[in-house]
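Peer 1: Numbering (our numbering), first residue to last: 50 to 504. Even for Gly, the Cβ is constructed at its ideal location relative to N, Cα and C.
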Amino acid sequence: MSIKYKIAWLTTLWLTGILLVVNVTIYIAFLEITTDNERDYLTTRAETLLQKVPFANAVEGKDIDIVQSFLPDYGLIRWIDPMGQIVRQVQTDDQVTQIKSKFVQSAQTELYQLEGQKVLAARIPTFVEGQTVGTLEILEKMDSLTENISILISILTLTTFGAVGMSILGGFWMSKWILRPISGMAKTMEHIEKSLVFRKIPIREGGHDELHALASTFNRMMDRIQESFVRQQQFVSDASHEMKTPLTIIEGYARMLQRWGLQDETKGREAIVNIYTEAVRMKGLTQQLLDLASMKQEEKLMLEQVELVSLCKNTAELMQVAYHRPVVVQTSATPIFLRADTSRIKQLLMILLDNALKYSKEEVFIQLARIESTDCKDSGVELRVKDRGVGIPSEELARVFERFYRVDPSRHRKTGGAGLGLSIAKEIVALHGGSIRIESEQQAGSEVIVQLPAH
50 MSIKYKIAWL
60 TTLWLTGILL
70 VVNVTIYIAF
80 LEITTDNERD
90 YLTTRAETLL
100 QKVPFANAVE
110 GKDIDIVQSF
120 LPDYGLIRWI
130 DPMGQIVRQV
140 QTDDQVTQIK
150 SKFVQSAQTE
160 LYQLEGQKVL
170 AARIPTFVEG
180 QTVGTLEILE
190 KMDSLTENIS
200 ILISILTLTT
210 FGAVGMSILG
220 GFWMSKWILR
230 PISGMAKTME
240 HIEKSLVFRK
250 IPIREGGHDE
260 LHALASTFNR
270 MMDRIQESFV
280 RQQQFVSDAS
290 HEMKTPLTII
300 EGYARMLQRW
310 GLQDETKGRE
320 AIVNIYTEAV
330 RMKGLTQQLL
340 DLASMKQEEK
350 LMLEQVELVS
360 LCKNTAELMQ
370 VAYHRPVVVQ
380 TSATPIFLRA
390 DTSRIKQLLM
400 ILLDNALKYS
410 KEEVFIQLAR
420 IESTDCKDSG
430 VELRVKDRGV
440 GIPSEELARV
450 FERFYRVDPS
460 RHRKTGGAGL
470 GLSIAKEIVA
480 LHGGSIRIES
490 EQQAGSEVIV
500 QLPAH
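(1) Comparing alpha-carbon positions, which option in T297, L401, Y90 lies nearest L470?
(2) Go ahead and label E87 buried or exposed: buried means 16 or more other beta carbons lie within 10 angstroms of its beta carbon, across all protein chains shown.
(3) With a cut-off of 8 Å on the beta carbons, I'd call A389 and L432 a contact; round off their distance for me.
(4) Would S489 be called buried (16 or more neighbouring beta carbons within 10 Å of its own) or exposed?
(5) The beta strand (DSSP E) that contains K190, what's its start and end?
(6) Would you kindly check if the distance between the Cβ of I415 and the Cβ of V434 is under 7 Å?
(7) Could you name the residues of the same chain whose beta carbon sits closer than 6 Å to that of R462, not counting the 5 residues immediately before and after it, in chain order?
(8) Assuming I126 is part of the beta strand (DSSP E), what are its boundary residues?
(9) Return yes when the Cβ of K101 is within less than 7 Å of the Cβ of I113, no when it is not.
(10) From M305 to S289, what distance separates their C-alpha atoms?
(11) Taking only the alpha-carbon atoms, compute the straight-line gap between C425 and N323 and give it to the nearest angstrom.
(12) In this structure, how does DSSP classify S381 when only helix, strand and coil are distinguished?
(13) Would you call E164 buried or exposed, if buried means 16 or more other Cβ atoms sit within 10 Å of its Cβ?
(14) Excluding sequence positions up to five away, which residues of its chain have a Cβ less than 8 Å from the Cβ of G124?
(15) Checking the sheet assignment: what are the DSSP bridge partners for L501?
(16) Mapping DSSP to helix, strand and coil, what is S118?
(17) In whole angstroms, what separates the C-alpha of G494 from that of Q396?
(18) Starting from I487, trace the beta strand (DSSP E) both ways and give me its first and last residue.
(19) Going by C-alpha distance, which of V497, E319, S428, A328 is nearest M399?
(20) Between the region 210 to 224 and the region 125 to 132, do at least 3 Cβ pairs fall closer than 8 Å?
(21) Is the beta carbon of V376 closer than 7 Å to that of Q369?
(22) Within a Cβ cutoff of 7 Å, which residues of the same chain sit near C506, ignoring the five residues on either side of it in sequence?
(23) Drop a sphere of 10 angstroms on the beta-carbon of M215, count the other beta-carbons inside from all chains shown, and report buried for 16 or more, exposed for fewer.
(24) What does the alpha-carbon distance come out to for the pair I485 and R374?
(25) Using 8 Å for Cβ pairs, my map puts I394 next to V358. What's the rounded Cβ distance?
(26) At which residues does the alpha helix (DSSP H) containing P230 begin and terminate?
(27) Between the C-alpha atoms of M292 and K407, what's the straight-line distance to the nearest angstrom?
(28) For the region 191 to 200 against the region 170 to 183, do three or more pairs of beta-carbon atoms, one drawn from each stretch, fall closer than 8 Å, so that the two count as touching?
(29) Around the Cβ of T61, are there at least 16 other Cβ atoms within 10 angstroms (buried) or fewer (exposed)?
(30) Would you mind working out which of Y161, R452, I126, P230 sits nearest I173, comparing C-alpha positions?
(31) How many angstroms separate the CA atom of V136 from the CA atom of I148?
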């Protein structure tokens with residue numbers, strides 16, 4: 050059963066239960082109030098009759114006209130002596146005579162059930178010189194009460210069924226209206242599933258309820274999923290493009306070997322060297338892709354106390370050997386400790402130095418400094434890698450951390466880069482809770498600024 054039907058039926062059941070309680074309460078209250086009114090009315094009539102027709106006159110059969118005027122349409126009037134014997138009786142309905150007479154010392158009323166009909170009896174004692182000499186008794190069928198109760202039950206039944214019917218229709222309409230955003234969400238998801246085209250739910254202006262918040266959250270989620278989907282497509286496209294080039298080169302040299310074989314030693318050696326070079330390049334690209342994927346899934350780092358000055362000097366020596374150019378480490382504080390993952394920080398340094406050395410022909414500088422807080426405690430470390438290379442145009446700075454992005458695509462064959470280094474560097478910094486940015490000026494060089502928390 051759908052939520053719409055559940056809401057409608059639960060609302061109807063709840064309303065039906067409330068109406069039953071209200072109807073029973075109304076019925077009981079009406080019966081009690083009406084019965085009390087009838088008791089008071091019949092008692093008053095008996096007292097008035099007793100005043101107009103004394104007990105002695107009634108026994109002698111006098112004042113017949115007065116007695117007839119007080120006689121109920123469906124009932125009787127009778128006088129009872131102290132022995133309980135009926136001394137006089139006048140009736141308009143023989144059925145009520147089945148009710149036994151009763152001598153009483155004080156006024157009272159009593160309700161009887163006679164063959165499915167209610168009969169009310171009012172009894173008033175008669176006094177002569179302080180002695181009870183008899184009882185006046187008036188009995189009346191409560192046909193009007195029975196009729197009124199039947200009418201009330203009919204009204205309550207009709208209104209109950211009408212309210213339940215309207216509740217069912219209103220419940221379906223309200224549940225459909227309330228669940229419209231959810232239905233739209235389900236249809237949107239179904240459309241996305243079938244067409245793989247992202248859509249958002251229309252949201253009415255000025256809404257502040259939970260469903261509005263749910264629809265807004267869904268739309269934001271769709272934006273993020275679409276953005277991730279586009280990035281994934283772009284990533285796959287870029288990765289395929291990057292791998293296609295070395296594969297094409299390898300294929301070309303393999304065909305050359307297949308055609309010429311070992312007959313031409315010079316061409317054979319050239320083909321083998323180039324195949325090996327491209328294979329190494331593909332291996333490096335694959336490793337970078339694996340690094341990016343692993344960092345996206347990584348939750349814990351192997352954190353330890355890292356002495357950053359020594360790590361920078363060791364890394365600088367390795368890069369000097371590889372590029373045959375000096376890398377200068379500058380710092381005013383020794384040592385500088387940082388709680389970080391040693392292997393990741395070393396990878397970060399190698400990426401930044403590799404980029405700096407590739408795009409400049411002069412020495413590269415690493416500058417280290419503590420970031421002091423107002424209470425004079427270490428709050429972080431700032432690492433700067435500066436080169437004097439060609440620089441980056443200002444309009445390109447916002448995109449340098451994108452995957453596979455290269456400022457000058459024509460140079461990547463020469464430098465061997467795939468445009469993943471700075472993306473990996475950004476992920477490493479993010480994992481450590483830091484920030485990274487680049488400042489650059491064309492033909493003057495670039496400076497990468499990394500800030501990492503000390504703890």
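Peer 2: Result, derived from the coordinates:
(1) The sequence given here has Gly at residue 470, not Leu. Of T297, L401, Y90, the residue nearest in Cα terms is L401.
(2) It is buried - the Cβ of E87 has at least 16 other Cβ atoms within 10 Å.
(3) Actually they are not in contact, since the Cβ atoms of A389 and L432 sit about 11 Å apart, beyond 8 Å.
(4) Around the beta-carbon of S489, 16 or more other beta-carbon atoms lie within 10 Å, marking it buried.
(5) Here the beta strand (DSSP E) through K190 covers 180 to 190.
(6) Taking 7 Å as the Cβ cut-off, V434 and I415 qualify as a contacting pair.
(7) Residue placement at R462 is poorly supported in this model, since its pLDDT is 48, which falls under 50; the coordinates are not used for a value here.
(8) I126 -> beta strand (DSSP E) spans 124 to 129.
(9) It is not a contact, given that the beta carbons lie outside the stated cut-off.
(10) Computed Cα separation, rounded: 24 Å.
(11) Legend: pLDDT at C425 = 49, less than 50; position of this residue unreliable, value from coordinates given subsequently. Their backbone Cα atoms lie some 56 Å apart in a straight line.
(12) If DSSP states are grouped into helix, strand and coil, S381 belongs with coil.
(13) Residue environment: E164 is assigned as exposed (fewer than 16 neighbouring CB atoms within 10 Å of its CB, all protein chains considered).
(14) Answer for G124: Q140, T141, D142, V145, V168, I187, L188, E189, K190, listed in chain order.
(15) Note: L501 sits in a beta bridge opposite V430.
(16) Helix, per DSSP.
(17) Approximately 22 Å, taken between the alpha carbons.
(18) Per DSSP, the continuous beta strand (DSSP E) segment holding I487 begins and ends at 484 to 490.
(19) Looking from the CA of M399, the closest CA among V497, E319, S428, A328 belongs to V497.
(20) Taking 8 Å as the limit for Cβ pairs, the verdict is that the region 125 to 132 does not touch the region 210 to 224.
(21) Contact annotation: Q369 and V376 have beta-carbon atoms nearer than 7 Å.
(22) No statement about residue 506 is possible, as the shown extent of the chain runs from 50 to 504 and does not include it.
(23) By the neighbour-count rule (16 or more Cβ atoms within 10 Å), M215 is not buried but exposed.
(24) Cα to Cα, I485 sits roughly 25 Å from R374.
(25) Between V358 and I394 the Cβ distance is about 12 Å, and since that is not below 8 Å, they are no contact.
(26) Residues 229 to 244.
(27) Rounded to whole angstroms, the gap between the alpha carbons of M292 and K407 is 21 Å.
(28) Counting Cβ pairs under 8 Å, fewer than three are found: no touch.
(29) Counting Cβ neighbours within 10 Å, T61 comes out buried, since at least 16 surround it.
(30) A check of alpha carbon separations from I173 across Y161, R452, I126, P230 identifies I126 as the nearest.
(31) Distance between the alpha carbons of V136 and I148 is about 16 Å.
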